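Counting with the numbering used here, you get residues 2 to 241 for the letters of the sequence shown.
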Amino acid sequence: MSSPQTVNDSPILVALDYADRQRAMAFVDRIDPQSCRLKIGKEMFTLFGPQLVRDLQQRGFEIFLDLKFHDIPNTAAHAVAAAADLGVWMVNVHASGGKRMMTAAREALLPFGKDAPLLIAVTVLTSMEAGDLRDIGIDLSPAEHAERLARLTRDCGLDGVVCSAHEAERFKTAIGQDFKLVTPGIRPAGSAAGDQRRIMTPVEAQQAGVDYMVIGRPITQSDDPAQTLQNILASLKEAS
Ligand SMILES: O=c1ccn([C@@H]2O[C@H](COP(=O)(O)O)[C@@H](O)[C@H]2O)c(=O)[nH]1
């Protein structure tokens, strides 16, 4: 395990969703590992595997391994332990995998002690709105269902949840200030929402009290990803 012991106070997690490894590395090699953390998700992990994570760690980046494990408790627990072996900074499961799965995942990290990654759970995907929940038999609003899953996640002893920035104020009050809120669906003013539905700008998300904001395409698909990241960081600093 080799999670670097740095003090990184950046709230930005860049979703490094590239099919082209060279393009991803060209961007990464232009940014300071202290200016953000990198989120490796299903696309790049499936294409390039754990070696990609190691290569990014070698460059000094802390990694959120966003594989959203959702399986029987035994399998999810072993997958989370494998992520911890890789030395990632954060890893996640789906809260809808339930209490026994989340508890097993948390217990699998006990042997790692202080080197264990943060373990969080996905509540309601930021691409989903009320109609998507109704389609799968859930009549609660996204915020209500997300809160229910977030409370369950807290009760299982995990460190936080993935939710929408729209839920941040409600969750900080209802669930606890120390419970980490990681929010995708972040869109600087003027950028395309794409498939995201519950969106907020970086400054609005900061004001709502999120701990970490996940930003992918608005940075990675821009003409100058490194400069776009700098612009977002500057806007957050100016607003704080
Ligand atoms: O609820 C969720 C959970 C995860 N994601 C992931 O975050 C990024 C968002 O990328 P954008 O390009 O900024 O939309 C992506 O990797 C998703 O898999 C999410 O969007 N919502």
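All residues carry an ideal CB built from backbone N, CA and C; glycine is no exception.
Since the structure is predicted, the reported quantities are computational estimates derived from the model, not experimental observations.
{"Asked": "Residue range of the beta strand (DSSP E) that residue 161 falls in?", "Found": "161-163"}
{"Asked": "In three-state terms, what does DSSP make of residue 110?", "Found": "coil"}
{"Asked": "Under 8 Å, with one C-beta from each stretch per pair, do the stretch 210-226 and the stretch 164-184 reach the 3-pair mark?", "Found": "yes"}
{"Asked": "Assign residue 132 to one of two classes, buried (16 or more other C-beta atoms within 10 Å of its C-beta) or exposed (fewer than that).", "Found": "exposed"}
{"Asked": "Hey, is residue 247 close to ligand 1, as in C-beta under 7 Å from one of its heavy atoms?", "Found": "Nothing can be reported for residue 247, as the shown portion of the chain is limited to 2 through 241."}
{"Asked": "State the beta-bridge partners of residue 95 as determined by DSSP.", "Found": "123"}
{"Asked": "How do the stretch 200-209 and the stretch 22-41 stand: do at least 3 beta-carbon pairs fall below 8 Å, yes or no?", "Found": "no"}
{"Asked": "Taking the alpha-carbon of residue 127 as reference, which of 164, 221, 118, 119 has the nearest alpha-carbon?", "Found": "164"}
{"Asked": "Does the Cβ of residue 127 lie closer than 7 Å to at least one heavy atom of ligand 1?", "Found": "yes"}
{"Asked": "Distance check for residue 84 and residue 94, CA to CA, integer angstroms please.", "Found": "11 Å"}
{"Asked": "Is the closest heavy atom of ligand 1 to the C-beta of residue 133 under 7 Å?", "Found": "no"}
{"Asked": "Rounded to a whole number of angstroms, what is the C-alpha to C-alpha distance between residue 240 and residue 74?", "Found": "43 Å"}
{"Asked": "As a quick exercise: from 106, 125, 195, pick the residue whose alpha carbon is nearest that of residue 117.", "Found": "106"}
{"Asked": "Using DSSP bridges, identify the partner residues of residue 65.", "Found": "40, 91"}
{"Asked": "Find the nearest neighbour of residue 38 within the set 142, 61, 50, judged by alpha-carbon distance.", "Found": "61"}
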